[in-house]
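Comments concern the structure below.
Residue numbers (my numbering): 3 to 129.
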């Protein structure tokens, strides 16, 4: 568990539940799934999601944070600006090649997460 009380197991479970319904979550939804107020979780969210993606990559899973978006993008998932740049940087740090169209990469990865949520029945990421 991180210093902000963000537990990868809880976060992955929330991501799996939402993705299984082809839904997106906000960063605040992830904080709420951990029982942590957004103002306490905000600064730790990026490193928390990176850790989840790093572990997911090691397991051969998609970048699970692809379905965790800014609040304005929850209905459609199409992030823009800073949130999209942050996701692309996370992907590259995990060894993925984003290419010139980060939005298209994000959309493809979101579809991979939706498929993973339907197929994955094993355990969740553990640190």
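Here a beta-carbon is modelled for each residue, glycine too, at the ideal position from N, C-alpha and C. Remember, it's a predicted structure, so these values are computed and weren't measured experimentally.
**Message:** For residue 17, report the span of its alpha helix (DSSP H) as first-last.
**Reply:** For the purposes of this step, residue 17 is taken as the residue at position 15 of the chain shown. Residues 10-22.
**Request:** Starting from residue 50, trace the alpha helix (DSSP H) both ways and give me its first and last residue.
**Result:** Counted from its first residue, the chain shown places residue 50 at position 48. Per DSSP, residue 50 belongs to the alpha helix (DSSP H) from 40-60.
**Asked** Looking at residue 27 and residue 69, is the spacing between their C-beta atoms short of 8 Å?
**Response** Position 67 of the chain shown, counted from the start, is the residue given in the question as residue 69. Position 25 of the chain shown, counted from the start, is the residue given in the question as residue 27. Yes, Cβ-Cβ distance for residue 69 and residue 27 is below 8 Å.
**Asked** Which residue or residues does DSSP assign as beta-bridge partners of residue 27?
**Response** Here residue 27 is taken as the residue at index 25 of the chain shown, counted from 1. Partner(s): 70.
**Message:** Just to confirm, is the Cβ distance from residue 119 to residue 18 under 8 Å?
**Reply:** As a position in the chain shown, residue 119 is number 117, starting the count at 1. As a position in the chain shown, residue 18 is number 16, starting the count at 1. Closer than 8 Å, so yes.
**Prompt:** Of the choices 66, 32 and 56, whose alpha-carbon is the least far from that of residue 116?
**Reply:** On the chain shown, position 114 is the one that residue 116 refers to. When each option's Cα is compared against that of residue 116, the closest is 66.
**Message:** Going by DSSP in three states, residue 110 sits in which element: helix, strand or coil?
**Reply:** Your numbering for residue 110 matches position 108 in the chain shown. Here residue 110 sits in helix by DSSP.
**Message:** Using the three-state DSSP reduction, which class does residue 128 fall into: helix, strand or coil?
**Reply:** By 1-based counting over the chain shown, the position of residue 128 is 126. The predicted model places residue 128 with a pLDDT of 46, which falls under 50 and marks its position as unreliable, so this point remains unresolved.
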